[in-house]
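Q: Protein sequence lines correspond, in order, to chains Z and F.
Numbering-wise (full-length UniProt numbering), the first sequence opens with residue 1 and increments by one.
Numbering-wise (full-length UniProt numbering), the second sequence opens with residue 1 and increments by one.
A virtual CB, placed ideally from N, CA and C, is assigned to each residue, including glycine.
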Amino acid sequence: MSAGLWLALAGGLLGATMAQAEGVVAPSDVVFEDGAVAVSLTGAPGNPENGPDIINKGSGNCIACHQVSALPDLAFQGEIGPPLDGVGDRWSEAQLRGIVANAKMMFDESMMPAFYKTEGFIRLGDEFTGKAHAGEVTPILTAEQVEDVVAYLLTLKD
Amino acid sequence: MFQGKGALALAIGGALSLIAAGSVVADEPAKLVVNGEIEMVTETEAPAHLDAFDTIYSGWTFRTPETRMLQMDDFDNPAMVFVDQAAEAWDTVDGSEGKSCASCHGDVAEGMAGVRAVYPKWNEAAGKVRTLVQQVNDCRETRMGAEPWKYDGGKMVAMESLISVQSRGMPVNVAIDGPAQSTWEQGKDLYYTRFGQLELSCANCHENNYGTMIRADHLSQGQINGFPVYRLKNTKLNTAHARFKGCVRDTRAETFNPGSPEFVALELYVASRGNGLSVEAPSVRN
Chain Z
1 MSAGLWLALA
11 GGLLGATMAQ
21 AEGVVAPSDV
31 VFEDGAVAVS
41 LTGAPGNPEN
51 GPDIINKGSG
61 NCIACHQVSA
71 LPDLAFQGEI
81 GPPLDGVGDR
91 WSEAQLRGIV
101 ANAKMMFDES
111 MMPAFYKTEG
121 FIRLGDEFTG
131 KAHAGEVTPI
141 LTAEQVEDVV
151 AYLLTLKD
Chain F
1 MFQGKGALAL
11 AIGGALSLIA
21 AGSVVADEPA
31 KLVVNGEIEM
41 VTETEAPAHL
51 DAFDTIYSGW
61 TFRTPETRML
71 QMDDFDNPAM
81 VFVDQAAEAW
91 DTVDGSEGKS
101 CASCHGDVAE
111 GMAGVRAVYP
121 KWNEAAGKVR
131 TLVQQVNDCR
141 ETRMGAEPWK
151 YDGGKMVAME
161 SLISVQSRGM
171 PVNVAIDGPA
181 QSTWEQGKDL
191 YYTRFGQLEL
201 SCANCHENNY
211 GTMIRADHLS
221 QGQINGFPVY
231 RLKNTKLNTA
241 HARFKGCVRD
251 TRAETFNPGS
261 PEFVALELYV
271 ASRGNGLSVE
281 APSVRN
């Protein structure tokens with residue numbers, strides 16, 4: 001199969017399966033300004049009600065490194081990053097979007113993983129299997145999940 | 001010595017550890033003294049090559065009092081059963097040459113004293129750094145005419161533990177200069193490489209964040225002076241390479257295999273970060 005045909009096919013598949021279409025900014029197209037991302041990755045506001053699920057393990061697993069007092073039901077909250085209490089006061093929506101999408105743009109060399117990034121990894125694995133990754137790379141969170149968690153973070157006021 | 005005690009431990013170890021878990025919670029053991037006689041250095045000045053910290057700590061110091069207690073007496077240490085099995089293997093003839101380990105090395109307590117403390121180590125004939133496991137398999141193949149054991153299989157990890165026991169309490173002292181230096185540098189590079197989709201290096205967790213909680217885990221400095229370790233979680237002995245593999249996998253990366261040149265180099269480097277801590281193997285972890 002020629003490369004051109006393969007690309008065309010892949011593009012078609014992507015459009016069909018991920019509804020990448022209308023308004024969604026692809027991970028490699030995200031524009032950072034001083035670590036912040038001005039426009040919504042989906043073109044629409046996020047739903048803060050999905051925030052707690054994304055923060056939990058099995059999804060964004062933010063809780064592995066951060067404490068969130070508003071979510072006492074989430075067990076074993078980590079201490080690596082600062083508690084997320086009050087982040088809605090400390091950061092703007094654009095800054096929070098930038099931090100979640102790729103914290104290294106805001107904090108040099110940050111330990112915090114980039115949740116909306118698909119390139120530049122060393123020995124990328126297939127999830128947590130320890131095997132090499134094959135095929136298309138998906139970011140840890142979808143554009144919609146990034147927007148939802150950002151909307152939730154904005155509700156965390158002191 | 002521990003021999004014989006191990007069989008007892010098999011019979012009553014479970015009961016003892018239950019008692020230990022129930023009764024000593026308030027009584028935090030601050031010093032690790034094994035069998036009331038082997039005094040372990042679990043905290044000491046960092047080796048000169050390591051700029052990251054002033055003080056290095058054994059993984060023992062980060063575990064719960066209950067888990068720490070299990071390592072203080074060979075009767076309670078669940079790993080000792082496997083050490084006893086390896087003691088039998090030590091004396092057992094295997095392979096085409098009609099030899100056992102004892103045929104060349106004599107009594108394990110004499111023949112293997114101090115060995116663990118200096119491995120991984122440069123091997124002149126092989127022209128490379130060898131781990132203890134690789135040395136055992138070299139003996140099996142070239143001297144005994146026996147099949148090599150699986151790198152991190154049960155027989156090998158038990159033998160590695162038996163050999164380590166003969167150095168308990170001695171300071172880890174691996175050489176990082178001379179012919180070993182390039183391997184050591186390679187291991188150091190790996191230690192600071194941010195692998196996988198989470199882009200995390202060993203240093204992110206074990207150098208910059210030891211002492212803090214990552215989810216339910218209390219992060220240690222990731223030292224290997226206690227390896228092989230018996231983990232209560234999988235109820236068996238675990239090699240350092242298996243632990244490395246798990247940690248790399250958890251970064252959502254493609255791991256390296258136990259025994260790979262990368263993990264041999266990493267083992268040398270990580271061991272050198274613990275130069276000065278006591279050989280503790282086999283230790284106990286959650």
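On the criterion of 16 or more Cβ atoms from any shown chain inside 10 Å, does T239(F) qualify as buried, or is it exposed?
A: buried
Q: For N257(F) and H241(F), I'd like the C-alpha separation in whole angstroms.
A: 8 Å
Q: To the nearest angstrom, report how far apart residue 296(F) and V31(Z) are at their CA atoms.
A: For residue 296(F) there is no data in the structure shown, the boundaries of chain F being 1 and 286.
Q: Hey, quick one: how far does the beta strand (DSSP E) through E43(F) stretch, first residue to last?
A: 43-45
Q: Find the residues of chain F that neighbour F76(Z), judging by a C-beta separation of less than 8 Å, and give them in chain order.
A: Per Cβ cutoff of 8 Å: M213, R215, A216.
Q: Would you please state the rounded distance, in angstroms, between the beta carbons of residue 191(Z) and Q77(Z)? I believe it to be under 8 Å.
A: With chain Z represented from 1 up to 158, any question about residue 191(Z) goes unanswered, as that position is not in the structure.
Q: Within the continuous beta strand (DSSP E) that includes I56(F), where are the two ends?
A: 55-57
Q: In terms of alpha-carbon separation, which member of E43(F), K236(F), D138(F), V118(F) lies closest to A125(F)?
A: D138(F)
Q: Would you check if there are 3 or more beta carbon pairs closer than 8 Å linking the stretch 226-234 of chain F to the stretch 274-285 of chain F?
A: yes
Q: For a contact defined as C-beta to C-beta under 7 Å, what are the partners of L141(Z) on chain F?
A: The contacting residues do not exist; L141(Z) stays about 11 Å from chain F at best.
Q: Please list, in chain order, all residues of the same chain as E119(Z) whose beta carbon is under 8 Å from its beta carbon, the five residues on each side excluded.
A: P27, S28, V137
Q: Please report whether the beta-carbon of I55(Z) lies at a distance below 8 Å from any beta-carbon of chain F.
A: no
Q: Quick check on DSSP: helix, strand or coil for S283(F)?
A: Three-state result, S283(F): strand.
Q: Output, in chain order, the set of chain A residues within a Cβ distance shorter than 7 Å of D250(F).
A: Absence of chain A from the displayed structure is noted, the protein chains being Z and F.
Q: Mind pulling the chain Z residues with CB within less than 8 Å of G196(F)?
A: F121, I122, R123, L124, G125
Q: I want to verify the contact list: residues of chain Z whose CB lies under 8 Å from the CB of residue 289(F), in sequence order.
A: Residue 289(F) lies beyond the residue range present for chain F, which begins at 1 and ends at 286; the question has no answer from this structure.
Q: Using the three-state DSSP reduction, which class does V25(F) fall into: helix, strand or coil?
A: Any answer about V25(F) is weak, because its pLDDT of 40 lies below 50 and its placement is not dependable; what the coordinates show is given next. Here V25(F) sits in coil by DSSP.
Q: Should A26(Z) be flagged as near chain F, meaning a C-beta pair shorter than 8 Å?
A: For A26(Z), the closest Cβ of chain F is not nearer than 8 Å.
Q: For R285(F), collect the residues of the same chain with a Cβ closer than 6 Å to its Cβ; drop the 5 residues on either side in sequence, then sort them by chain order.
A: V229, R231
Q: Determine, using beta carbons only, whether E136(Z) comes closer than 8 Å to chain F.
A: No, E136(Z) does not count as interfacial toward chain F.
Q: Determine whether the Cβ of N266(F) lies closer than 8 Å to any Cβ atom of chain Z.
A: The question names Asn, but residue 266(F) in the sequence shown is Leu. So no, L266(F) is outside the interface.
Q: In whole angstroms, give me the CA-to-CA distance for L32(F) and L41(Z).
A: 54 Å
Q: Have a look at E262(F) and D152(F) and give me their C-alpha separation to the nearest angstrom.
A: 15 Å
Q: Between G127(F), Q71(F), L132(F), A146(F), which lies nearest to G178(F) when the distance is taken from Cα to Cα?
A: Here the closest residue by C-alpha is G127(F).
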